[in-house]
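The working numbering puts the first residue of the sequence shown at 749, with every later residue one more than the last. All residues carry an ideal CB built from backbone N, CA and C; glycine is no exception. For clarity, every value in this text was computed on a predicted model and none was experimentally measured. Notes follow the structure.
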Amino acid sequence: MIEIETRQLAGIPALHAFPTGKRDLSLPCIIFYHGFTSSSLVYSYFAVALAQAGFRVVMPDAPEHGARFNEDAQGRMYRFWQILQQNMQEFTALRAALVAENWLTDERLAIGGASMGAMTALGIMARHPEVKCAASLMGSGYFTRLAHSLFPPVSVQTPKQQEDFDTIIAPLAEWDVTHQLNRLADRPLLLWHGQDDDVVPAAESFRLQQALIQAGLDNNLTCLWEAGVRHRITPEALAATVSFFRQHL
């Protein structure tokens, strides 16, 4: 049995799930991030499955999503990368809120996410050694390159537009995994991707896998590929995520 509630943590609306009767106990905790144009409610099946496995789960609504949606759906399509950056920046405050509530057992804190949430998880892992393990489902850590093809913030046809593009994307470099492979390699990392993903290409996860292998940094890496699957979470992906956290957190 589990319990689930909505609440504010560090001023951020979030779903909070936990085993029944253990709301105020210290538990191993997972912060799980949802995808673009979605919400914590839509991805709540992760909260349910992970809480059933004994974890405390916090699923924040990303900026301009869920309870934070400002009704500007069209404008949001051009703010993907700014939203991603803010999502990653807010991790510090969320972690502090968990500590302040005395909800966290022995610093056993993990992160995970799907799509934009997976990108959030990879960026946080690269910057925060206090994260014990991470799961990335149909994501990418190569932000500065992917921004040219995935939800580009501006159409680049003039020098001024190129300048605007660079200004928006430049802050993401410090979260990008390109030169931070060693920071991903010293803790367990799960990469899952549908091979026919039509939004975030499976090649993004494959590229990270190969970079870690070629650098001899793949000892803590688990990669799972699902044939014939486009940009969606399957029951197998959910089960693999639960199993991963059970093993490593």
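Residue i and residue j closer than 9 angstroms at C-beta
| i | j | result |
| --- | --- | --- |
| M809 | A848 | The question names Met, but residue 809 in the sequence shown is Asp. No, Cβ-Cβ distance for D809 and A848 is not below 9 angstroms. |
| H813 | G861 | no |
| C777 | R755 | no |
| A951 | G942 | no |
| L757 | L846 | yes |
| D944 | Q957 | no |
| I760 | R816 | yes |
| C971 | S953 | yes |
| Y826 | F899 | yes |
Backbone secondary structure at residue i - three-state DSSP
| i | result |
| --- | --- |
| E812 | coil |
| G783 | coil |
| T982 | coil |
| E911 | helix |
| G865 | helix |
| G976 | coil |
| T970 | strand |
| R856 | strand |
| G776 | At residue 776 the sequence reads Pro, which differs from the Gly that was named. P776 falls in the strand class under three-state DSSP. |
| A963 | coil |
Best match in the options for proximity to residue i [C-alpha to C-alpha]
| i | options | result |
| --- | --- | --- |
| R978 | L885, G964, D912 | L885 |
| L997 | N930, P936, I831 | P936 |
| A921 | F993, C777, L832 | L832 |
| G887 | A797, F817, W940, C881 | W940 |
| L929 | A918, R955, Q909, D944 | R955 |
| P901 | E984, S953, D772, I916 | I916 |
| D934 | F899, A918, T926, V879 | V879 |
| L938 | N850, M873, G976, A975 | M873 |
| F780 | M867, N968, S903 | M867 |
| C881 | T989, V904, Q837 | T989 |
| L986 | M749, T768, L798, I750 | L798 |
| Q800 | S953, S786, G823, F766 | F766 |
| T840 | P877, V904, M825 | P877 |
| P919 | R824, Q837, E819, D854 | Q837 |
| E819 | A844, S786, P983 | S786 |
Buried or exposed by the 16-neighbour rule on C-beta atoms within 10 Å, applied to residue i
| i | result |
| --- | --- |
| H764 | buried |
| Y793 | exposed |
| L870 | buried |
| V925 | buried |
| R994 | exposed |
| E974 | buried |
Euclidean distance between Cα positions of residue i and residue j
| i | j | result |
| --- | --- | --- |
| R875 | K770 | 30 angstroms |
| D946 | S863 | 12 angstroms |
| Q834 | P811 | 7 angstroms |
| R893 | F913 | 12 angstroms |
| E753 | H896 | 38 angstroms |
| S774 | L932 | 26 angstroms |
| M807 | Y791 | 8 angstroms |
| L962 | T768 | According to the sequence shown, residue 962 is Gln rather than Leu. Whole-angstrom Cα-Cα distance: 45 angstroms. |
| P907 | A795 | 45 angstroms |
| Q822 | L789 | 21 angstroms |
| I859 | A883 | 7 angstroms |
| P983 | L852 | 28 angstroms |
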